Each structure stands twice: as structure tokens, then as C-alpha cells.
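One structure is given below, encoded as C-alpha cells.
Residue numbers (this note's numbering): 2 to 147.
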């Protein structure tokens, strides 16, 4: 029996994602179901996202944005939901191959959830959850523009 020794370095023991630089997710993304459009942008060494349009964030006319009436901060309840930052503090985790540690603000309910983003097959997958990621919901987005 012939054994061949292959060189092993610490880098070969890491997952493939850990060996890559974070791909850019900056740009405009639309949910696959067409119910939301967001703009991802760099902020404080990570990423944040602002709401450009959301079916639940507009009045019946589909154009007029609702007010942030459910915001826990009473001073923000008169602001429009248009353009508010709904995703923030997303930092790249090279080992996991995704952006983690973020928060998602739902302006239609005033609630916040934990959020993480993964880029898979050109689609941005946002996982929002309270407590455990297993109990969350995933929304998939397609890039509209950079």
C-alpha cells in the first residue's frame, strides 16, 4: 500500500468561505415576491439598509408612505417610513460566510429582530429572527442595480 503525504497548512483546514473576502452587497435589492425594495450601503465597517419601498409601508394608493406610528420612540412616530434605515450593524463573519449581528426594524409594527444576510447564487438572503435563527423567516432579494 502506497501512502502519499499531502501538504496541509492551517489555511486548508478553514471552510472555503473563511478564505474569501466579503463580497459587496451594496446596491438596490428587490424581494423575490416584489413586496419590498431596499438599498444596502456601507456604514461603520459593515452594512446597513434603507427602505426604498414596501407593500406594507405604503397606503392603499401604493405611493404614499405611512408614518412610523408604532416606533418605540415617541419623537419618531411622525416620520415617514420612506428611506428609513431598517437594517443596521451587519458585520462580515468570514468563518460563517455571511453578515451577522445586525438588527432589522419593522416600521409597520415597531418591532426589532436580529438579522443576518447571506449571498447565495447571486441572491441576498435575509434571515430575521427573535431569539433563535431557527425560529425566523428568510426573505430572498434579487439585485436590481449596484
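Positions of the beta carbon are idealized from the N, C-alpha and C atoms, including for glycine. Note that the structure is a prediction, hence the values are computed from the model and not measured.
Requested in this report: With distances taken Cα to Cα, identify the nearest neighbour of residue 144 among 130, 124, 132.
Outcome: Stepping through the chain shown from its first residue, residue 144 is reached at position 143. Out of 130, 124, 132, 124 has the C-alpha closest to the C-alpha of residue 144.
Query - Nearest-angstrom Cα separation, counted from residue 142 out to residue 33 - result: Along the chain shown, read from residue 1 onward, the residue named residue 33 stands at position 32. Along the chain shown, read from residue 1 onward, the residue named residue 142 stands at position 141. Going from the Cα of residue 33 to the Cα of residue 142 covers about 5 Å.
**Report entry** For residue 23 and residue 93, believed in contact at Cβ under 8 Å, the rounded distance
**Finding:** Start at 1 with the first residue of the chain shown, and residue 93 comes out as number 92. Start at 1 with the first residue of the chain shown, and residue 23 comes out as number 22. Contact holds; Cβ gap of about 4 Å.
**Report entry** Cβ neighbour criterion (16 or more within 10 Å) applied to residue 41
**Finding:** For the purposes of this step, residue 41 is taken as the residue at position 40 of the chain shown. Burial call: buried.
Report task. Could you have a look at residue 58 and say whether DSSP puts it in helix, strand or coil? Result -> Within the chain shown, numbered from 1, the residue matching residue 58 stands at position 57. Reduced to three states, the DSSP call for residue 58 is helix.
**Report entry** residue 133 (DSSP reduced to helix, strand or coil)
**Finding:** Working through the chain shown from its first residue, we reach residue 133 at position 132. Coil, per DSSP.
**Report entry** Alpha-carbon to alpha-carbon, residue 57 and residue 36
**Finding:** Taking the first residue of the chain shown as position 1, residue 36 is located at position 35. Taking the first residue of the chain shown as position 1, residue 57 is located at position 56. Answer to the nearest angstrom: the Cα atoms are 8 Å apart.
Requested in this report: Count the C-beta pairs between the segment 68-80 and the segment 93-103 that are closer than 8 Å, then say yes if the count reaches three, no if not.
Outcome: no
Query - Element boundaries [beta strand (DSSP E), containing residue 143] - result: Taking the first residue of the chain shown as position 1, residue 143 is located at position 142. 138-146 is the extent of the beta strand (DSSP E) around residue 143.
Query raised in the report: Apart from the five residues on each side of it in sequence, which residues of its chain come closer than 6 Å, Cβ to Cβ, to residue 86?
Result: To locate residue 86, count along the chain shown from 1; it is residue 85. Counting only Cβ-Cβ distances below 6 Å, and skipping sequence neighbours, we find 49, 51.
**Report entry** 8 Å contact criterion, which residue 102 and residue 90 should meet: CB distance rounded
**Finding:** For the purposes of this step, residue 102 is taken as the residue at position 101 of the chain shown. For the purposes of this step, residue 90 is taken as the residue at position 89 of the chain shown. Contact holds; Cβ gap of about 6 Å.
Query raised in the report: Alpha carbon to alpha carbon, what distance is there between residue 44 and residue 118?
Result: Start at 1 with the first residue of the chain shown, and residue 118 comes out as number 117. Start at 1 with the first residue of the chain shown, and residue 44 comes out as number 43. Roughly 15 Å between the two C-alpha positions.
Report task. Using alpha carbons as the reference points, say which of 114, 66, 122, 121 lies closest to residue 134. Result -> Here residue 134 corresponds to residue number 133 of the chain shown, with the count starting at 1. With distances taken between Cα atoms, residue 134 lies closest to 114.
Report task. Whole angstroms is fine: what's the gap from residue 130's alpha carbon to residue 62's? Result -> Here the question's residue 130 lines up with position 129 in the chain shown. Here the question's residue 62 lines up with position 61 in the chain shown. Their backbone Cα atoms lie some 30 Å apart in a straight line.
Query raised in the report: When we look at the beta-carbon of residue 121 and count the other beta-carbons within 10 Å, is it buried (16 or more) or exposed?
Result: By one-based count along the chain shown, residue 121 stands at place 120. Under this definition residue 121 is an exposed residue.
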